[in-house]
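Asks: Just passing along the structure, written as C-alpha cells.
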Amino acid sequence: MLNKRYLPSITALQCFEAVTRHLSFTRAAEELNLTQSAVSKQVAQLEELLQHLLFRRVRRRLQLTPAGDLYLGEVRKILTQVEMSTHYLRSYGGDTEVLRVSTPPTFGARWLVPRLKGWRLRHPTIHLDLCSEQEADDLLQGRSDLAFYFGQGSRAGTESLKLFGEELVPVCAPGSLPDQPFTDPTQLADLVLLQNASRPQAWHDWFDSQGYHTEHSYHGPRFETFYMCIRAAQVGCGVALLPKFLVEEELADGKLIIPWQHAMPSTNAYYLAYPEHSAEVPKVRLFVEWMLEQIDSSDTP
Numbered sequence: 001m002l003n004k005r006y007l008p009s010i011t012a013l014q015c016f017e018a019v020t021r022h023l024s025f026t027r028a029a030e031e032l033n034l035t036q037s038a039v040s041k042q043v044a045q046l047e048e049l050l051q052h053l054l055f056r057r058v059r060r061r062l063q064l065t066p067a068g069d070l071y072l073g074e075v076r077k078i079l080t081q082v083e084m085s086t087h088y089l090r091s092y093g094g095d096t097e098v099l100r101v102s103t104p105p106t107f108g109a110r111w112l113v114p115r116l117k118g119w120r121l122r123h124p125t126i127h128l129d130l131c132s133e134q135e136a137d138d139l140l141q142g143r144s145d146l147a148f149y150f151g152q153g154s155r156a157g158t159e160s161l162k163l164f165g166e167e168l169v170p171v172c173a174p175g176s177l178p179d180q181p182f183t184d185p186t187q188l189a190d191l192v193l194l195q196n197a198s199r200p201q202a203w204h205d206w207f208d209s210q211g212y213h214t215e216h217s218y219h220g221p222r223f224e225t226f227y228m229c230i231r232a233a234q235v236g237c238g239v240a241l242l243p244k245f246l247v248e249e250e251l252a253d254g255k256l257i258i259p260w261q262h263a264m265p266s267t268n269a270y271y272l273a274y275p276e277h278s279a280e281v282p283k284v285r286l287f288v289e290w291m292l293e294q295i296d297s298s299d300t301p
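Per this note's numbering, numbering through the sequence shown is continuous, rising by one, with the last residue being 301.
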C-alpha cells in the first residue's frame, strides 16, 4: 500500500511546475486561476514533504535549487502521464477494450508492428497497447494480456503458442570487409565482434557449430538490443550475429551483407503466451487468431 504521507497532491505538483516555467509565483497563480498565496502555500507544503528547498531567491529573482531541478524532471513525467491517461480514457466509449501486449523491442518493431496493419479496421473496439518492457511475471500479475517471448516451451501458468524459430547469421556494412576474402570464420574477429547482452554465448556457439574456436568470441562492445546491434553493424562498428529475419530489409537494400555464409539455427523459438484463464477471453482469442493468420500469409521463417 502506498504511504499517503509521501504522496503530494496533483495541485501541488501543478503549482510547482508552473512556478518553474514562469519563475514567478504571481504569474503561476494567474495561469492556474489561483491566488498567489495559494500557490506559495502549495509549494511550501511540497518542500516540507520533500525536506528540500525547491526555490531560492537570488537578487530578487527566483531560481530552482539543484533539488528542485532534479524533482522537476520527475514531476513533468508524472503530469504528462496523468494527462495522457485521462485523454486515453476519455477518447473511448464504454464498449472499448484495451489489449496490452508486451514484446521484445526489436522483434516488436521489426516483425510485429508491420503485421498489425488492418487490426483496427477489423476490431475497432479493441485498442492495442504495446510495450517493450518485459518481466517474467507480467502475464500472471495482470500487467499484460499477451506476451511475445523468445525461449523454450511454455511458462508456468500460461498457454504458449510456438510461432517460429530463427537462424543466426553474421552481418556487417559492405565497407567493413577487407579486400581479400575470408578463408575461415575466425577472421571475422578482425572486424570486431558486436555482442548482444541477451545472447552472450551466441558468437561462441556460432563458431563452435562450424568446428572453429577463437578467444575473441566474448570480446567486443556489448549492446542491449538487436536494434542497437543492427545500427552498430550498419555504421561500420563491426560484425553482428543476428536473426536473419530481423535484417531482411537491410540485406535486400545492400546496407548490410553476410560476410561468411553460415546460418546457425537457434535451439529456442519465438512464442506468443497468455494466462491459462484468459484462453477464452474474446479479445485475447481474437488477437491469437489474427497472429496465426499473419504467420500463415507471410514468409516468416
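Idealized CB from N, CA, C, for every residue including glycine.
Alpha carbon to alpha carbon, how far is serine 297 from tyrosine 212? Give it in angstroms, no decimals.
Replies: 38 Å
Asks: Quick one: what's got a C-beta closer than 7 Å to serine 186's C-beta in the same chain, skipping five residues either side?
Replies: Strictly speaking, residue 186 in this sequence is threonine, with serine absent from that position. Excluding positions up to five away in sequence, the list reads Phe207, Tyr212 and Thr214.
Asks: Please classify valine 113: is it buried, with 16 or more other beta-carbons within 10 angstroms of its beta-carbon, or exposed?
Replies: exposed
Asks: Do the region 114-123 and the region 141-154 make contact, defined as three or more Cβ pairs closer than 8 Å?
Replies: no
Asks: Would you mind reading off the limits of the beta strand (DSSP E) that contains glutamine 63?
Replies: 61-64
Asks: Between which residues of its own chain and threonine 65 is the CB-CB distance below 8 Å, once the five residues before and five after are set aside?
Replies: His52, Leu53, Leu54, Phe55 and Arg56
Asks: Using three-state DSSP, classify isoleucine 258 as helix, strand or coil.
Replies: It is coil, neither helix nor strand.
Asks: Can you tell me the Cβ-Cβ gap for alanine 12 and glutamate 31, rounded? I've got them flagged as a contact below 8 Å.
Replies: About 15 Å; that fails the 8 Å criterion.
Asks: Going residue by residue through the region 160-237, where are the continuous alpha helix (DSSP H) segments of at least 4 residues, counting only ones entirely within it?
Replies: Counting only runs of 4 or more, we get 202-208 and 226-234.
Asks: Is the Cβ-Cβ distance between valine 239 and proline 170 less than 8 Å?
Replies: yes
Asks: Using the DSSP secondary-structure output, state which residues sit across from arginine 57 in a beta bridge.
Replies: Partner(s): Leu62.
Asks: Between leucine 146 and isoleucine 295, which are expected to be in contact by the criterion C-beta below 8 Å, what is the C-beta distance as a whole number of angstroms?
Replies: Rounded, the Cβ-Cβ distance is 15 Å, inconsistent with contact.
Asks: With 16 as the cutoff for other CB atoms within 10 Å, does asparagine 33 come out buried or exposed?
Replies: exposed
Asks: Taking only three categories from DSSP, how would you classify histidine 277?
Replies: helix
Asks: How big is the Cα-Cα spacing for proline 265 and phenylalanine 245?
Replies: 12 Å
Asks: Using the C-alpha atoms, what's the distance from leucine 251 back to glutamate 83?
Replies: 42 Å
Asks: Skipping 5 residues on each side, what residues in its chain have a beta carbon closer than 6 Å to that of alanine 202?
Replies: Leu241
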